[in-house]
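Below: the structure, in structure tokens.
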Amino acid sequence: TKSPEQAHEYAELIWRESVRLGRLIDNVLDFAKMERGMDVYEFSEDVDVIETVARAVELSGRRVAAAEMTMTSVLPEDMPPARLDANAFTLAVMNLIDNAVKYAVDGKKIEVSLRLDGSIIVLAVRDWGPGIDPEEQHRIFERFYRAKSIRLKPIRGSGIGLALVQHIARAHGGEVTVSSKPNEGSTFSILLPIDGKK
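Remember, this note's numbering sits 94 above the position in the sequence shown when you count from 1.
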């Protein structure tokens with residue numbers, strides 16, 4: 095390199111690609127274990143959900159900033175402890191944020207919110223991107239499926255991120271949903287019973 099600035103730029107590029115590849119490898123390995131029916135979850139009875147979501151947001155911060163997007167979080171001041179696998183839940187939240195970074199970068203912002211609806215934890219990741227065609231919304235959680243609008247763009251991805259999020263949600267007795275309209279953005283929500291029971 096010919097200058098400290100250029101060295102910093104190259105280092106940032108190496109870091110971003112390392113994180114991307116690391117996350118891709120983790121997703122593939124975790125998904126392979128799940129496909130083989132291996133027990134990959136370690137549940138704890140008293141997980142601090144607010145802290146877990148805040149950590150996922152923090153870990154995703156540099157990725158969001160590198161995409162020149164902003165991310166806000168709307169978290170409650172208090173929430174009862176939950177029965178969760180904290181690492182798996184963190185991975186699910188980070189995958190939804192990563193999804194917004196990859197596919198909704200033009201929307202420039204992401205909002206992560208958390209609330210308790212009765213005994214159901216509702217974690218939502220909203221973007222202001224291009225949205226998802228209604229005819230494809232029922233398929234986006236399938237393994238390796240990528241929406242037509244995405245296939246036409248040079249966006250890299252494995253096509254298993256949302257399938258992994260769905261697997262994690264269902265392992266916790268919950269579900270993941272999407273609400274989206276073309277040109278109005280998308281909101282992905284993870285709904286989990288706070289006691290881990292369906």
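C-beta atoms are modelled at their ideal positions from N, C-alpha and C, and glycine is treated no differently.
For His266, does the count of other Cβ atoms within 10 angstroms reach 16, so buried, or fall short, so exposed? For the purposes of this step, residue 266 is identified with residue 172 of the sequence shown, where counting begins at 1. Burial of His266 is indicated by the presence of at least 16 other C-beta atoms within 10 angstroms of its C-beta.
Buried or exposed by the 16-neighbour rule on C-beta atoms within 10 Å, applied to Leu190: Counting from 1 along the sequence shown, the entry for residue 190 is found at position 96. With 16 or more other Cβ atoms within 10 Å, it is buried.
Would you be able to state if there are at least three C-beta pairs under 8 Å between the region 192–202 and the region 210–224? yes
Unbroken beta strand (DSSP E) run spanning Ile262, endpoints: If you number the sequence shown from 1, residue 262 lands on position 168. It is not in any beta strand (DSSP E) - Ile262 instead sits in the alpha helix (DSSP H) that spans Gly255 to Ala265.
My output table needs one value for Arg220: the three-state DSSP class, helix, strand or coil. In the sequence shown, residue 220 corresponds to position 126, counting from 1. Annotated three-state conformation of Arg220 is strand, per DSSP.
How many Å lie between Glu205 and Ala180 at the Cα? Locating residue 205 in the sequence shown gives position 111, counting from the first residue. Locating residue 180 in the sequence shown gives position 86, counting from the first residue. So the alpha carbons of these two residues sit roughly 21 Å apart.
According to DSSP, is Leu286 part of a helix, a strand, or is it coil? Indexing the sequence shown from 1 puts residue 286 at position 192. If DSSP states are grouped into helix, strand and coil, Leu286 belongs with the strands.
Ends of the beta strand (DSSP E) at Lys203? As a working note, residue 203 is residue 109 in the sequence shown. Lys203 to Asp211 is the extent of the beta strand (DSSP E) around Lys203.
Mapping DSSP to helix, strand and coil, what is Gly215? Taking the first residue of the sequence shown as position 1, residue 215 is located at position 121. Position check: residue 215 holds Ile in this sequence, whereas Gly was assumed. Ile215: strand per DSSP, three-state reduction.
Our contact map puts Glu236 next to Ala263 with C-beta atoms below 8 Å; I'd like the distance itself, whole angstroms only. Position 142 of the sequence shown holds residue 236. Position 169 of the sequence shown holds residue 263. Not really, about 15 Å apart at Cβ, beyond 8 Å.
Once the 5 residues before and after Val151 are set aside, which same chain residues still bring their CB inside 7 Å of it? Along the sequence shown, one-based indexing puts residue 151 at 57. Closer than 7 Å at the Cβ level, and outside the excluded window around Val151, lie Met165, Ser167 and Val206.
Distance, Lys96 Cα to Gln260 Cα: Locating residue 260 in the sequence shown gives position 166, counting from the first residue. Locating residue 96 in the sequence shown gives position 2, counting from the first residue. About 47 Å.
Quick one: grab the DSSP three-state call for Glu269. Position 175 of the sequence shown, counting from 1, holds the residue named residue 269. Residue state, collapsed to three classes: strand.
Three-state secondary structure (DSSP) of Arg245: Working through the sequence shown from its first residue, we reach residue 245 at position 151. Because Arg245 sits at a pLDDT of 47, beneath the cut-off of 50, its placement in the model cannot be relied upon, and the following sentence gives the value as read from the coordinates. Looking at Arg245 - three-state DSSP - the assignment turns out to be helix.
Would you mind stating whether Met173 and Ile214 have Cβ atoms separated by less than 9 Å? Reading the sequence shown from its first residue, position 79 is the one you call residue 173. Reading the sequence shown from its first residue, position 120 is the one you call residue 214. Not a contact, by the Cβ cut-off of 9 Å.
Do Phe137 and Gly279 count as a contact pair if the criterion is CB distance below 9 Å? Translated into positions along the sequence shown, residue 279 becomes position 185. Translated into positions along the sequence shown, residue 137 becomes position 43. No.
Segments assigned beta strand (DSSP E), at least 3 residues, entirely inside the region 141–200: 164–168 and 176–178
Contact check, Ile288 vs Leu210 under 8 Å by CB: the rounded distance? Residue mapping note: residue 288 aligns to position 194 of the sequence shown, counting from 1. Residue mapping note: residue 210 aligns to position 116 of the sequence shown, counting from 1. At roughly 7 Å, the Cβ-Cβ gap stays under 8 Å, so Ile288 and Leu210 are in contact.
So is Ser112 buried or exposed if we call it buried at 16+ other beta carbons inside 10 Å? Locating residue 112 in the sequence shown gives position 18, where the first residue counts as 1. Flag for Ser112 reads exposed.
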